[in-house]
Amino acid sequence: MVSSTTKYSLSLRKRSFSFVRRHSWLPLAATLLSAGLFIAALGLRSPRLWVMAAGILLAITSYVYGYSARALKYVNAPMLEQFHRRQYEKVWDSLAASSWQARWAASGEAAEAGLQRSAARAVSNILDLAKIGAGDDVLEIGCGVGRIGSELAPRCRFWTGVDISGNMLAVARTRLAKLQNVRLVKLDRAGLHPFEAHSFDVAYSTNVFDHLDKTDRWLYIREALRVLREGGRLFIDNTDLESDAGWNAFANGAGAFDDKERPPYTPTPATAAEYMTYARRAGFQQIQVHKRPSLLILTASKFTG
Ligand SMILES: C[S@@+](CC[C@H](N)C(=O)[O-])C[C@H]1O[C@@H](n2cnc3c(N)ncnc32)[C@H](O)[C@@H]1O
1 MVSSTTKYSL SLRKRSFSFV RRHSWLPLAA TLLSAGLFIA ALGLRSPRLW VMAAGILLAI
61 TSYVYGYSAR ALKYVNAPML EQFHRRQYEK VWDSLAASSW QARWAASGEA AEAGLQRSAA
121 RAVSNILDLA KIGAGDDVLE IGCGVGRIGS ELAPRCRFWT GVDISGNMLA VARTRLAKLQ
181 NVRLVKLDRA GLHPFEAHSF DVAYSTNVFD HLDKTDRWLY IREALRVLRE GGRLFIDNTD
241 LESDAGWNAF ANGAGAFDDK ERPPYTPTPA TAAEYMTYAR RAGFQQIQVH KRPSLLILTA
301 SKFTG
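So the sequence shown is numbered by my numbering: it starts at 1 and just counts up by one.
Encoded structure:
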């Protein structure tokens, strides 16, 4: 049973959140104002009590500002009900309408430090399972703002990031500007048509296939086989429907939109069997599915001889 104190605190949180959402400028304005008061109190050599009061006010308003900035970044994803899932370019350009939104849509983190931190898990999975080496030419499918590319480019010979969203790539271009061995390529449709066969040693994709229609999952895996060199490695992750987190995401979504379409970017968990089938049908060998918390990871190699 929920106690009345808990109920009160939940309702207070809900009301504060909705207030801050309606007046998102207020916490920043209050922080600036109290910073001004604090500086004035110090500068005018006001009584110690006043300075302390202004300091406490500044601490409180800064805390509220930080809290609201964090809370507000979760409410910015538009529904985009006017698009269907396969209108990838329109959907992802809309989600990446500004640099801030692009970072958030790619990783759930808008600040640079958080973005870099959030890459650690995927980078470690890719290094562990795709065994990227210093001599490898590497392709990332759906590179977004270059969150993973900025970590992996320094570890390979040449890194190529492709994406269907020009807005995402614009942010990636700025973020990766200092790296010499990097190329960003805009796709005008799903597929790897800009690339010739046998161009890469590793093709990987993380945090992308969840958002694709099943037929495009298959299409990219078939295309990956074409662009990989003999012995080339494939790495793809997807939320695992058989994990508790994957199942909960799927089941909770079931009743969430009544008779409306889900947002076209809604992640769709998958099973190992689906990915094993695509890889086998494409002609990959050494096919494996690894289970990591909430994720399934397909790895496979190309041997045609
Ligand atoms: C959630 S973001 C992940 C970005 C990046 N992989 C990362 O982990 O930081 C998904 C990315 O996939 C891209 N994307 C969506 N559909 C695509 C498609 N059909 N082909 C290529 N990229 C696509 C989006 O533009 C977006 O940059």
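For glycine and all other residues, C-beta sits at the position ideal for the given N, C-alpha and C.
Here the structure is a predicted model, which means the values were calculated and not measured.
Taking the CB atoms as reference points, tell me whether V123 and E81 lie closer together than 7 Å. V123 places its beta carbon 7 Å or farther from that of E81.
Using only alpha-carbon positions, find the residue among E140, I132, V91, Q286 that is nearest to A203. Of E140, I132, V91, Q286, the residue nearest in Cα terms is E140.
Simplified DSSP assignment, three categories, for E109: Note: E109 maps to coil in three-state DSSP.
For V2 and Y63, I'd like the C-alpha separation in whole angstroms. Residue confidence for V2 is low, a pLDDT of 41 falling below 50, so the modelled location carries little weight; the figure read from the coordinates is stated next. V2 and Y63: Cα-Cα distance of roughly 28 Å.
Count the other CB atoms within 10 Å of the CB of S107; is the residue buried (16 or more) or exposed (fewer)? Buried: at least 16 other Cβ atoms inside 10 Å.
With distances taken Cα to Cα, identify the nearest neighbour of T266 among F38, I60, A251. Measuring from the Cα of T266, the nearest candidate turns out to be A251.
When the Cα of K186 is compared with those of L26, G161, H198, which residue comes out closest? Residue G161 holds the alpha-carbon nearest to the alpha-carbon of K186 among L26, G161, H198.
Which of helix, strand or coil does DSSP assign to A203? In the structure shown, A203 falls within a strand segment according to DSSP collapsed to helix, strand and coil.
Run of the beta strand (DSSP E) containing V185, from where it starts to where it stops: Where V185 is concerned, the enclosing beta strand (DSSP E) stretches over 182-186.
Which residue or residues does DSSP assign as beta-bridge partners of R233? Its beta-bridge partners are V202, S301.
Helix, strand or coil for E196 per DSSP? Coil, per DSSP.
Compute the beta-carbon to beta-carbon distance between A105 and A119, rounded to the nearest angstrom, for a pair I have assumed lies under 8 Å. With 8 Å as the limit, A105 and A119 do not qualify as a contact, their Cβ atoms being about 15 Å apart.
Among V91, L179, G144, A190, which residue has its Cα nearest to the Cα of F158? It is L179.
Buried/exposed call for A190, threshold 16 Cβ in 10 Å: The C-beta of A190 has 16 or more other C-beta atoms within 10 Å across all chains shown, which makes the residue buried.
Checking the sheet assignment: what are the DSSP bridge partners for D240? According to DSSP, which records beta bridges pairwise, D240 is partnered with A270.
Which word fits Q101, buried or exposed, when buried means at least 16 other C-beta atoms lie within 10 angstroms of its C-beta? For Q101, the number of other beta carbons within 10 angstroms of its own is at least 16, and it is reported as buried.
Can you give me the C-alpha to C-alpha distance between S99 and L295, rounded to a whole angstrom? Looking at the backbone, the Cα of S99 and that of L295 are separated by about 27 Å.
Using DSSP with H/G/I as helix, E/B as strand and the rest coil, what is R292? In the structure shown, R292 sits in a strand (DSSP, three-state: E or B).
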